[in-house]
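Structure first, then comments.
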Amino acid sequence: MTSVTSPSIETVADDVLGVLAGPDAHLRDGQLEALQALTRPGARVLVVQATGWGKSAVYWIATSWLRAQGRGPTLVISPLLSLMRDQVAAASRAGLRAATLNSSNVGEWQRIEADLAAGEVDVLLVSPERLANPTFGARVMEALTGALGLVVVDEAHSVSDWGHDFRPDYRRVTDVLRRLNPDTPVLATTATANARVVEDIAAQFGDDTVVLRGPLARASLQLAVLLLMDPLQRFAWVVDHLPQLAGSGIVYTLTVADAERLTEAIRSRYGAQLPVAAYTGQLDSDSRESLEADLRDNRVKALVATSALGMGYDKPDLGFVIHVGAPPSPVSYYQQVGRAGRAIDHALVALLPSAGDDGVWDYFATATIPKEPQVRSLLDTLGSAEATMSVPQLEAETGLRRTKVDLLLKQLAVDGITERSADGWRATGTPWRYDQDHYDGVLAVRRREADIMRRYIRGEQCLMQLLQQSLDDPDAAPCGRCSVCLGQLPDPLGAQPAPDTMAQVRQVLRTEQHLLEPRKMWPGGAFGRRGRIPAAEAADEGRVIVHADAVEWGDLLAGPLRHDAPPPADLLDACVRTLAQWSWSTRPQLIVGLSALGHPQLVGGVVESLGAAGRLPTAPWQFDGTPPADAASVDEATFWRDALQDSTVPDVADRTVLLVVDRSSSGWAVTLAAATLRTAGANAVLPLLLHRSVG
Numbered sequence: 001m002t003s004v005t006s007p008s009i010e011t012v013a014d015d016v017l018g019v020l021a022g023p024d025a026h027l028r029d030g031q032l033e034a035l036q037a038l039t040r041p042g043a044r045v046l047v048v049q050a051t052g053w054g055k056s057a058v059y060w061i062a063t064s065w066l067r068a069q070g071r072g073p074t075l076v077i078s079p080l081l082s083l084m085r086d087q088v089a090a091a092s093r094a095g096l097r098a099a100t101l102n103s104s105n106v107g108e109w110q111r112i113e114a115d116l117a118a119g120e121v122d123v124l125l126v127s128p129e130r131l132a133n134p135t136f137g138a139r140v141m142e143a144l145t146g147a148l149g150l151v152v153v154d155e156a157h158s159v160s161d162w163g164h165d166f167r168p169d170y171r172r173v174t175d176v177l178r179r180l181n182p183d184t185p186v187l188a189t190t191a192t193a194n195a196r197v198v199e200d201i202a203a204q205f206g207d208d209t210v211v212l213r214g215p216l217a218r219a220s221l222q223l224a225v226l227l228l229m230d231p232l233q234r235f236a237w238v239v240d241h242l243p244q245l246a247g248s249g250i251v252y253t254l255t256v257a258d259a260e261r262l263t264e265a266i267r268s269r270y271g272a273q274l275p276v277a278a279y280t281g282q283l284d285s286d287s288r289e290s291l292e293a294d295l296r297d298n299r300v301k302a303l304v305a306t307s308a309l310g311m312g313y314d315k316p317d318l319g320f321v322i323h324v325g326a327p328p329s330p331v332s333y334y335q336q337v338g339r340a341g342r343a344i345d346h347a348l349v350a351l352l353p354s355a356g357d358d359g360v361w362d363y364f365a366t367a368t369i370p371k372e373p374q375v376r377s378l379l380d381t382l383g384s385a386e387a388t389m390s391v392p393q394l395e396a397e398t399g400l401r402r403t404k405v406d407l408l409l410k411q412l413a414v415d416g417i418t419e420r421s422a423d424g425w426r427a428t429g430t431p432w433r434y435d436q437d438h439y440d441g442v443l444a445v446r447r448r449e450a451d452i453m454r455r456y457i458r459g460e461q462c463l464m465q466l467l468q469q470s471l472d473d474p475d476a477a478p479c480g481r482c483s484v485c486l487g488q489l490p491d492p493l494g495a496q497p498a499p500d501t502m503a504q505v506r507q508v509l510r511t512e513q514h515l516l517e518p519r520k521m522w523p524g525g526a527f528g529r530r531g532r533i534p535a536a537e538a539a540d541e542g543r544v545i546v547h548a549d550a551v552e553w554g555d556l557l558a559g560p561l562r563h564d565a566p567p568p569a570d571l572l573d574a575c576v577r578t579l580a581q582w583s584w585s586t587r588p589q590l591i592v593g594l595s596a597l598g599h600p601q602l603v604g605g606v607v608e609s610l611g612a613a614g615r616l617p618t619a620p621w622q623f624d625g626t627p628p629a630d631a632a633s634v635d636e637a638t639f640w641r642d643a644l645q646d647s648t649v650p651d652v653a654d655r656t657v658l659l660v661v662d663r664s665s666s667g668w669a670v671t672l673a674a675a676t677l678r679t680a681g682a683n684a685v686l687p688l689l690l691h692r693s694v695g
């Protein structure tokens, strides 16, 4: 493959490393072996190496060498916009012309595609979701596939549904590989693949896949697990200890709500003296990019982040990673803590576990596993449609949540059961079989991983060694520096949160306002109505007192919201405060209480107290029957419509109603109660939901 006049791969490596890391830089153990493997025509190479080892350097060197041979551009399939931005910058430092086509730069696509056609792009980075786009596939990939010089699959564990971060669109990679020029080498890289994931990736890429593994221990990381705390204590611990942590870093939370609330708690204590920001998947790409730069340039002490800030984010001097809550998998935990200590000798990694983490783990374990009735409903709806259907249409027809519809469609598309066009989705007619044994196996693996996290939290052995063993690292050994090996917590982690801090955090978070956006679409299907909810039947924007598993309301969640009881004074104060800050257009004239999920004392006490405070008449609202547990959305909506229509509806004619509801996760109880009251003559319905639960 190499001509007489072409530079050797070693020479190119020296040149590229000199530009990337200085004249004294040299290849690390295993890098030359990976590069030499890629010089063989049609090579399939899987590299499993620790974060910070230099996997990207391998493919920049290989790209430079292949381009010197006159080969086509490199296609890098990368999972995150943040990772792609870092990779574009790194490729440019290596002397390569890199570009990315993603949702954040649509205005540049035409120019980039023209540069590709002219041979002026060395590296094109795309997301797996982009590969699934039919227009992109027809316009770009068909022209490129046979002319690529190298294909790189970054974070390749996402290809496997045995992996901790499976993404259905990653299965599109195998379609790309089938259409490649047989001589095109393929490199897959990851730091988080155990033996089963490696086996699955190799099976998808081909029997001749070369697997190159290295030791996964990270000498710069000092791991520690703190004693169990309740959720409020964990928040207060972060507020107290954040100023004492060296450098800047990441504080991970398990949910978006926790990231936002913890950020607010820190800001309330320190303000601009200790700048922090929340980083979640709900931010737009420009906001994410700005926050990544703020952390990289030390303009913030920390980003309080969900797993949206994870794979590939590169800040070599990241000084600490704190987890407020344990991820469900040791593999995902290893991946996240790997952001720290890449180019410094010491970085602190601390886990703040809580007994409540198990519930979050159970959700993550089952979230991506399809349920057969849901899939059948989706396929029946697509099969009976006369034209392609959009995701919002399918949401309305099936009653499934939009995120679930989107996930199921992608999973089905991988097996050719559904197909996406520019106009929408359709069923291909290919028969579908629910693979119970496979999904049972995946679930069993995830539950075993949760058991490993329990062992990690209990400190049963060296923490780094346990993470290595979870990744089947044959070099796993005690690290000698974690809290288990030392027998104590390193400074400055040991102190418990101050009681004053806990009180302050609780007070700050209880003053937050949580909006309740009204549902806008009927569920369709068996409900019998589809499309937009008419304005004459819709609820106004409402308010939520307790959002999800709010740490500041732990006593309430364990008390009256679990076992019905009269409302405590602090809940009543929060309700009055919420009403005082509510900028409604028309003041309520009647308060109606609906115990949707079995809390009549709680609802009755709130209604009575608010009525007395506002000098307003009140009315209870009772219905017959029991709301279905874990029902499909359409079935839940149908229950509420029928139960409330058959009940004795309070006299609400020509009045604005404040509707107090105890608990709901889907919002259908509120939606159908509002529609029933509006139909009965209410001018407006203002929902006050005491607890917006999750799931």
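Reminder that position 334 of the sequence shown reads as 334 in UniProt numbering, one-by-one numbering, no gaps. For each residue, glycine too, the CB sits at the ideal point set by N, CA and C.
Beta-ladder partner(s) of residue i, from DSSP
i: A684; result: T656
i: A675; result: Paired residue(s): none; A675 is not in a bridge.
i: R44; result: V186
i: P620; result: G593
i: H691; result: V546, R663
i: R213; result: V48
i: V405; result: Per DSSP, none; premise fails for V405.
i: V123; result: T74, A98
Exposure of residue i, with buried meaning 16 or more beta-carbon neighbours within 10 Å
i: T2; result: Unreliable positioning characterises T2 in this predicted model, as indicated by a pLDDT of 44, which lies under 50. A coordinate reading is not provided.
i: E386; result: exposed
i: V694; result: exposed
i: A653; result: exposed
i: V4; result: Bear in mind that a pLDDT of 47 at V4, under 50, signals an unreliable position, so the number given afterwards is only what the model happens to contain. Exposed: under 16 other Cβ atoms inside 10 Å.
i: D24; result: exposed
i: M106; result: What sits at residue 106 in the sequence shown is Val, not Met. Burial call: exposed.
i: Q496; result: exposed
i: R481; result: buried
i: A236; result: buried
i: E372; result: exposed
i: T145; result: buried
i: N133; result: buried
i: D161; result: buried
i: R446; result: buried
i: A684; result: buried
Segment limits, beta strand (DSSP E) that includes residue i
i: Q589; result: That residue, Q589, is in no beta strand (DSSP E); it is neither H nor E in DSSP.
i: L348; result: 347-352
i: S421; result: 418-421
i: G424; result: 424-427
i: Q496; result: Where Q496 is concerned, there is no enclosing beta strand (DSSP E), given that its DSSP letter is neither H nor E.
i: Q49; result: Q49 -> no beta strand (DSSP E), and no H or E assigned at all.
i: R641; result: Premise fails: R641 lies in the alpha helix (DSSP H), 633-645, not in any beta strand (DSSP E).
i: Q222; result: 221-225
First through last residue of the alpha helix (DSSP H) which encompasses residue i
i: E129; result: 128-131
i: V324; result: Note, V324: premise wrong, no alpha helix (DSSP H); beta strand (DSSP E) at 320-324.
i: V603; result: 600-614
i: V337; result: 330-337
i: Q36; result: 31-38
i: T381; result: 372-384
i: A387; result: No alpha helix (DSSP H) contains A387, which DSSP labels as neither H nor E.
i: V304; result: Segment 302-305 is the beta strand (DSSP E) holding V304; no alpha helix (DSSP H) there.
is_contact[residue i, chain C] using C-beta, thresh 7 angstroms
i: L180; result: The structure shown contains no chain C; it holds only a single protein chain.
Beta-carbon separation (whole angstroms), residue i vs residue j, contact threshold 8 angstroms
i: V19; j: G95; result: 6 angstroms
i: W668; j: P650; result: About 20 angstroms separates the two Cβ atoms, so there is no contact after all.
i: G249; j: A340; result: 6 angstroms
i: S354; j: L228; result: 6 angstroms
i: T388; j: G424; result: 3 angstroms
i: A396; j: P523; result: 6 angstroms
Extract the residue ranges of the alpha helix (DSSP H) inside the region 229-287, only unbroken runs of 4 or more that lie entirely within it.
231-241, 256-270
I'd like the ranges of any alpha helix (DSSP H) spanning at least 4 consecutive residues and lying wholly in the region 59-118.
81-93, 109-117
Beta strand (DSSP E) runs contained entirely in the region 542-570, provided each spans 3 or more residues:
542-547
Counting only runs that start and end within the region 510-538, where is the beta strand (DSSP E) found for 3 or more residues in a row?
514-516
Which full runs of the alpha helix (DSSP H) of 4+ residues lie inside the region 417-486, going along the chain?
436-458, 463-470, 483-486
Could you give the uninterrupted runs of the alpha helix (DSSP H) lying entirely in the region 130-180, keeping only those of 4 residues or more?
172-178
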